[in-house]
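K.L.:
From first to last, the protein sequence lines are chains A and B. Its first residue numbered 520, the first sequence is counted upward by one per residue in our numbering. Its first residue numbered 26, the second sequence is counted upward by one per residue in our numbering.
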Amino acid sequence: MSARGLILAGVDGDRTWRLQDYIGRGGYSALKKIIAEKIPAETIIAELKASSLRGRGGAGFPTGLKWSFMPRSFPGAKYLACNSDEGEPGTFKDRDILRYNPHSVIEGMTIAAYAMGCERGYNYIHGEIFEIYERFEEALAEAREAGLLGQKILGSDFSFELFAHHGYGAYICGEETALLESIEGKKGQPRFKPPFPASYGLYGKPTTINNTETFASVPFIVNMGGENFLNLGKPNNGGTKLFSISGHVNRPGNYEIGMGTPFAELLEMAGGMRGGRKLKAVIPGGSSSPVLPATVMMDCTMDYDSIAKAGSMLGSGAVIVMDETTCMVKALERLSYFYFEESCGQCTPCREGTGWLYRVVHRIENGLGRRDDLDLLNSVTGNIMGRTICALGDAASMPVQSFIKHFGSEFEYHIENKKCLVPPEVQHQGSQIYVSP
Amino acid sequence: MLSQESLQQIDREIAKYPPDQKQSAVMSALRIAQIEMGWLAKETIEFVAGYLDMPAIAAYEVASFYNMYDLQPVGRHKITVCTNLPCALSGGVHAADYVKQKLGIDFNETTPDGKFTLKEGECMGACGDAPVLLVNNHHMCSWMTTEKIDQLLADLENK
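1) Report yes or no: is there a C-beta of chain A within less than 9 Å of the C-beta of Ser28 (chain B)?
2) Ordered along the chain, which non-local residues of its own chain (more than five positions away) have a Cβ less than 6 Å from that of Ala717 (chain A)?
3) So with Cβ pairs under 9 Å, would you call Ile764 (chain A) a contact of chain B?
4) Look at the alpha carbon of Val838 (chain A) and the alpha carbon of Gly790 (chain A), and state the distance between them as a whole number of angstroms.
5) Suppose only complete runs of 4+ residues qualify. What are the alpha helix (DSSP H) ranges in the stretch 37-77 of chain B, listed by chain order?
6) In chain order, which continuous runs of the alpha helix (DSSP H) of length 4 or greater are located wholly inside the stretch 92-123 of chain B?
7) What residues in its chain sit with their C-beta under 7 Å from that of Gln59 (chain B), if we drop five residues either side in the sequence?
8) For Thr731 (chain A) and Ser603 (chain A), which I take to be in contact (beta-carbon distance under 8 Å), what is that distance rounded to the nearest angstrom?
9) Bridge partners of Pro812 (chain A), per DSSP?
10) Our contact map puts Ala683 (chain A) next to Tyr652 (chain A) with C-beta atoms below 8 Å; I'd like the distance itself, whole angstroms only.
11) State buried or exposed for Ala522 (chain A), treating a residue as buried only when at least 16 other CB atoms are found within 10 Å of its CB.
12) Should the stretch 104-118 of chain B be called in touch with the stretch 136-154 of chain B, which here means at least 3 C-beta pairs below 8 Å?
13) Let me check understanding here. Comparing Cα to Cα, which of A:Leu851, A:Asp894, A:Thr907, A:Arg890 lies closest to Tyr932 (chain A)?
14) Give the interface partners of Ser806 (chain A) over in chain B, defined as CB-CB distance under 9 Å, in chain order.
15) Cβ of Cys637 (chain A) less than 9 Å from any chain B Cβ?
16) Mind listing the chain A neighbours of Pro43 (chain B)? Cutoff is C-beta to C-beta under 9 Å, in chain order.
17) In chain order, which continuous runs of the beta strand (DSSP E) of length 3 or greater are located wholly inside the stretch 571-620 of chain A?
18) Given this structure, state the Cα-to-Cα distance separating His102 (chain B) from Thr136 (chain B), to the nearest angstrom.
19) Using a Cβ-based criterion (distance less than 8 Å to any ligand heavy atom), does Lys712 (chain A) qualify as near the ligand SAM?
20) If Arg614 (chain A) sits next to Lys760 (chain A), beta carbons under 8 Å apart, how far is it from one beta carbon to the other, in whole angstroms?
21) Are the beta-carbon atoms of Val801 (chain A) and Glu566 (chain A) separated by less than 9 Å?
22) Which residues does DSSP pair with Asn773 (chain A) in a beta bridge?
23) Starting from the Cα of Asn642 (chain A), find the closest Cα among A:Gly949, A:Thr733, A:Glu929, A:Gly864 and give me that residue.
24) Please report the Cβ distance between Leu940 (chain A) and Glu929 (chain A), rounded to the nearest whole angstrom; I am assuming they are in contact, meaning their Cβ atoms lie under 8 Å.
25) Give the DSSP-derived three-state secondary structure of Met520 (chain A) in the structure shown.
26) Roughly how many whole angstroms lie between the Cα atoms of Val810 (chain A) and Arg796 (chain A)?
27) Have a look at Ile542 (chain A) and Ala596 (chain A) and give me their C-alpha separation to the nearest angstrom.
28) How would you list, in chain order, the residues of chain A whose beta-carbon sits under 8 Å from the beta-carbon of Met93 (chain B)?
29) Once the 5 residues before and after Gly949 (chain A) are set aside, which same chain residues still bring their CB inside 6 Å of it?
30) I need the straight-line Cα distance from Glu703 (chain A) to Met917 (chain A), nearest angstrom please.
31) Which one of A:Gly905, A:Gly583, A:Leu785, A:Gly805 has the shortest CA to CA distance from Thr820 (chain A)?
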């Protein structure tokens with residue numbers, strides 16, 4: 520974990536997550552200011568729009584715009600949900616935010632509830648990080664005790680109840696409507712859209728769902744002003760962002776940096792390549808984002824626009840680094856298995872197609888590949904993409920297409936020679952148990 | 026079927042949701058029931074459904090959809106190892122192989138003495154901590170070298 524940026528600034532591991540520590544870092548001053556000065560909701564949303572904050576969960580949708588979709592004069596209950604169901608391979612930033620700075624999320628959600636008129640909210644936390652869920656519950660209790668959450672917050676007329684809800688092992692619940700289904704106590708199968716959650720969300724009521732990091736950024740934007748936040752990044756890509764770096768680097772972990780920082784600098788921060796080995800490929804935004812070869816990646820800056828221009832997606836900011844010891848067929852095989860395993864089964868193209876993808880990549884990896892398998896894989900992805908209710912089908916397809924596009928010769932070598940270009944012992948050596956110094 | 030303590034815990038979960046939305050507590054209720062009973066038998070799921078005034082089949086759908094619920098008996102300690110790509114690049118597969126060798130079992134098997142069950146996990150959202158082991162669903166063990174795995178297994182052996 521790196522202690523720079525905004526959200527992680529001044530945090531010191533597991534020692535400084537409590538309310539008093541957060542207040543010591545200037546925490547809850549944004550909420551206090553809003554309530555004391557009775558700042559209108561429109562002003563807060565305008566400030567968010569000026570900040571150019573975009574959804575940190577992966578889709579990159581402008582947050583201020585999303586908030587403005589919530590119906591103002593809706594007579595009944597409105598809900599807020601935080602998506603902390605972080606399970607996209609490579610992504611582990613929200614866990615650190617909740618672990619080291621949970622109150623930033625609580626304050627951000629409370630401000631959001633104020634701006635959109637929500638009376639109740641839920642933070643949906645990935646089941647596998649149950650210890651973090653328990654910590655978040657403790658943080659909620661602290662905030663309630665201090666009058667920062669609950670009925671008549673800080674003595675005002677504004678009330679907001681916030682609770683933690685845990686997942687229990689289903690990647691698909693990171694899809695926002697699956698997440699709502701899951702909070703309702705059902706299987707996490709995505710809903711058909713429209714209607715969108717802003718009109719028909721949790722329990723059929725208007726609901727806004729944002730990512731953990733998005734909410735955590737809100738207090739900082741209120742405090743410093745939208746324009747100053749924007750200037751920490753670059754136009755259309757405001758602010759700082761957490762990047763989770765995993766794979767073949769010397770210091771895997773989270774690094775919070777300004778949007779638009781060159782990838783080369785980020786790699787340097789993560790200690791450079793492990794064992795001084797050569798960079799081969801990078802998945803820049805979580806396992807579903809298209810893989811990029813080293814030369815393309817080294818020219819990128821870390822922001823939505825630069826990565827999109829290079830043909831991939833910034834996604835959740837999960838950077839999976841692979842060096843020359845990596846077999847790209849094997850890497851894809853593991854990812855394809857993941858999407859096959861996690862498809863919710865609702866839409867036929869995804870349920871059946873992810874199985875096809877895995878089985879074909881698996882047979883190539885195991886020396887049973889056929890000459891037309893690459894065409895077959897491309898044809899299957901073409902039949903999945905755009906034909907499903909949610910984006911999981913696309914998420915399963917994009918790695919396949921991009922691995923074949925950039926590393927097709929490796930796949931062909933596997934099919935021709937029934938073995939890998941990278942000798943097994945080299946692969947074995949490259950993926951040893953590694954613990955950073 | 027469940028102890029007073031478990032029921033009180035479930036009641037606290039129910040209170041998080043609007044009064045007409047008790048079903049929202051089913052994920053927590055199943056978790057609490059699983060901790061007490063060791064795994065989720067059909068009768069346990071039915072009991073939870075009844076407690077939350079929801080159809081048994083709806084609770085069963087939830088129990089069978091989310092992979093941290095155990096619908097078959099497991100050993101006293103369930104160890105789940107993440108072998109997904111980011112973890113695999115930093116030794117996730119090697120760690121899993123080491124645990125297999127130590128326990129003499131493969132994935133989805135339980136040791137003959139009923140102490141350990143081994144599972145292959147999907148992304149736990151902790152890729153920077155690879156290799157990662159999850160013990161009994163709730164305790165995450167990070168940066169697991171072979172020495173730390175030895176220690177963990179020795180500790181669990183006596184629990």
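Ideal Cβ placement from N, Cα and C applies to all residues, glycine included.
P.N.:
In brief:
1) Locating residue 28 (chain B) in the second sequence gives position 3, counting from the first residue. Chain A, which has no Cβ nearer than 9 Å to the Cβ of Ser28 (chain B), makes this no.
2) Position 198 of the first sequence holds residue 717 (chain A). Cβ neighbours of Ala717 (chain A) beyond the five flanking positions: Phe588, Met589, Pro725.
3) Here residue 764 (chain A) corresponds to residue number 245 of the first sequence, with the count starting at 1. So, interface residue.
4) Sequence index remark: in the first sequence, residue 838 (chain A) carries index 319 (1-based). Sequence index remark: in the first sequence, residue 790 (chain A) carries index 271 (1-based). Going by the C-alpha atoms only, they are around 14 Å apart.
5) 51-62, 67-76
6) 110-114
7) Start at 1 with the first residue of the second sequence, and residue 59 (chain B) comes out as number 34. So the list reads Leu65, Tyr94, Asp95, once near-sequence residues are dropped.
8) Translated into positions along the first sequence, residue 731 (chain A) becomes position 212. Translated into positions along the first sequence, residue 603 (chain A) becomes position 84. About 5 Å; that satisfies the 8 Å criterion.
9) The count along the first sequence starts at 1 and reaches residue 812 (chain A) at position 293. DSSP, once it has assigned bridges, lists A:Ala800 as partnering Pro812 (chain A).
10) Counted from its first residue, the first sequence places residue 683 (chain A) at position 164. Counted from its first residue, the first sequence places residue 652 (chain A) at position 133. Going by Cβ atoms, the distance from Ala683 (chain A) to Tyr652 (chain A) rounds to 6 Å, so yes, they are a contact pair.
11) On the first sequence, position 3 is the one that residue 522 (chain A) refers to. Note that Ala522 (chain A) scores a pLDDT of 40, beneath 50, so its modelled location is shaky; the value from the coordinates is reported in the next line. Flag for Ala522 (chain A) reads exposed.
12) yes
13) As a first step, residue 932 (chain A) is located in the first sequence; it is residue number 413 there, counting from the start. Taking only the C-alpha atoms, the option nearest Tyr932 (chain A) is A:Arg890.
14) Locating residue 806 (chain A) in the first sequence gives position 287, counting from the first residue. Within 9 Å Cβ-Cβ: Asn109, Leu110, Pro111, Cys148.
15) As a working mapping, residue 637 (chain A) is identified with position 118 in the first sequence. No, because no Cβ of chain B sits closer than 9 Å to the Cβ of Cys637 (chain A).
16) Residue 43 (chain B) sits at position 18 when you count from the first residue of the second sequence. Under the 9 Å cutoff, chain A gives Ala596, Arg639, Tyr722.
17) 598-603
18) Your numbering for residue 102 (chain B) matches position 77 in the second sequence. Your numbering for residue 136 (chain B) matches position 111 in the second sequence. Looking at the two C-alpha atoms, the distance is approximately 10 Å.
19) Only the bare structure without any ligand can be found here, which leaves the ligand SAM out of the picture.
20) The count along the first sequence starts at 1 and reaches residue 614 (chain A) at position 95. The count along the first sequence starts at 1 and reaches residue 760 (chain A) at position 241. That pair is no contact at about 16 Å.
21) By one-based count along the first sequence, residue 801 (chain A) stands at place 282. By one-based count along the first sequence, residue 566 (chain A) stands at place 47. Not in contact: Val801 (chain A) and Glu566 (chain A) (Cβ atoms no closer than 9 Å).
22) Counting from one through the first sequence, the residue named residue 773 (chain A) turns up at place 254. The partner list for Asn773 (chain A) (beta bridge, DSSP) reads A:Ser763.
23) The residue given as residue 642 (chain A) occupies position 123 in the first sequence. Looking at the Cα atoms, A:Thr733 is the closest of the given residues.
24) As a first step, residue 940 (chain A) must be located in the first sequence, where it is residue number 421. As a first step, residue 929 (chain A) must be located in the first sequence, where it is residue number 410. With 8 Å as the limit, Leu940 (chain A) and Glu929 (chain A) qualify as a contact, their Cβ atoms being about 6 Å apart.
25) On the first sequence, position 1 is the one that residue 520 (chain A) refers to. Because Met520 (chain A) carries a pLDDT of 40, less than 50, the predicted location of this residue cannot be relied on, and the following value inherits that uncertainty. Met520 (chain A): coil per DSSP, three-state reduction.
26) Locating residue 810 (chain A) in the first sequence gives position 291, where the first residue counts as 1. Locating residue 796 (chain A) in the first sequence gives position 277, where the first residue counts as 1. Between Val810 (chain A) and Arg796 (chain A), the C-alpha separation is close to 19 Å.
27) Here residue 542 (chain A) refers to the residue found at position 23 of the first sequence. Here residue 596 (chain A) refers to the residue found at position 77 of the first sequence. Roughly 30 Å between the two C-alpha positions.
28) Walking along the second sequence from the start, residue 93 (chain B) turns up at place 68. Within chain A, the residues near Met93 (chain B) are Gly646, Glu647, Tyr687, Gly688.
29) Against the first sequence, residue 949 (chain A) aligns to sequence position 430. Excluding sequence neighbours, Gly949 (chain A) sits near Thr844.
30) Position 184 of the first sequence, counted from the first residue, corresponds to residue 703 (chain A). Position 398 of the first sequence, counted from the first residue, corresponds to residue 917 (chain A). Approximately 31 Å between the Cα atoms of the pair.
31) The residue you call residue 820 (chain A) lines up with position 301 of the first sequence. Ranking the options by Cα distance to Thr820 (chain A), first place goes to A:Leu785.
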